[in-house]
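Here it is in structure tokens:
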């Protein structure tokens, strides 16, 4: 089964239809997703600004991380769960959204950024923890995180618009390819 086939199957399930058509649940899930994003991004931004040596420079990086990461992780978990429910409610349109595909790609890159940071420079945080100016690699990770999350938020917001929806034909072939549109020849 293809991913599009899976999305079509998912769209026909009773729970997907009920969630999408719900007067209260879908807006509640969507609002919770945005609130969790605000929680996550707000705390991640403070940590990234510390890594960039632009804020809280007198506070050890490990102390900032210790206080903020539990809230950041909680926001991320809620964001992932509600994001999955939003996909579940409208799987075909979401799967075929160029902006959703960009968002997923950027989420993967952001995850790699976090993994590289925590498996390299963070292992030696004791050496630079109290330095007002963090090492170049830490600053790079902080800057990359900020740029990636701004782009993820932008792409996520754009999913709501139908500029490149597959049912709006004709479209340039590159758009149909990028969105995964299956266009029947005339």
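Residue numbers (our numbering): 1 to 186. Every residue, glycine too, gets a C-beta built ideally from N, C-alpha and C.
The ligand NAD heavy atom lying under 7 angstroms from the CB of residue i
i, result
"residue 135", "Annotation note on the ligand NAD: not contained in the displayed structure, which lists no ligands."
Residue i, DSSP secondary structure in three states
i, result
"residue 158", "helix"
"residue 164", "coil"
"residue 143", "helix"
"residue 151", "helix"
"residue 187", "What is shown of the chain runs 1 to 186, which leaves residue 187 out entirely."
Beta carbon of residue i nearer than 8 angstroms to that of residue j
i, j, result
"residue 19", "residue 89", "yes"
"residue 10", "residue 2", "no"
"residue 193", "residue 112", "The shown model of the chain, from 1 to 186, leaves out residue 193, and the question about it has no answer."
"residue 86", "residue 125", "no"
"residue 78", "residue 45", "no"
"residue 98", "residue 178", "yes"
Residue range of the alpha helix (DSSP H) that includes residue i
i, result
"residue 101", "98 to 119"
"residue 63", "61 to 89"
"residue 16", "14 to 21"
"residue 127", "125 to 128"
"residue 36", "25 to 51"
"residue 5", "3 to 11"
Alpha-carbon spacing of residue i relative to residue j, whole angstroms
i, j, result
"residue 12", "residue 145", "37 angstroms"
"residue 62", "residue 38", "22 angstroms"
"residue 24", "residue 154", "25 angstroms"
"residue 72", "residue 185", "48 angstroms"
"residue 256", "residue 41", "The structure shown has nothing for residue 256, since the chain only spans 1 to 186."
"residue 102", "residue 128", "35 angstroms"
Best match in the options for proximity to residue i [C-alpha to C-alpha]
i, options, result
"residue 58", "131, 159, 181, 113", "131"
"residue 4", "125, 95, 151, 82", "95"
"residue 92", "174, 162, 170", "162"
"residue 107", "74, 151, 117", "151"
is_contact[residue i, chain D] using C-beta, thresh 8 angstroms
i, result
"residue 86", "Of the protein chains in this structure there is only one, and it is not chain D."
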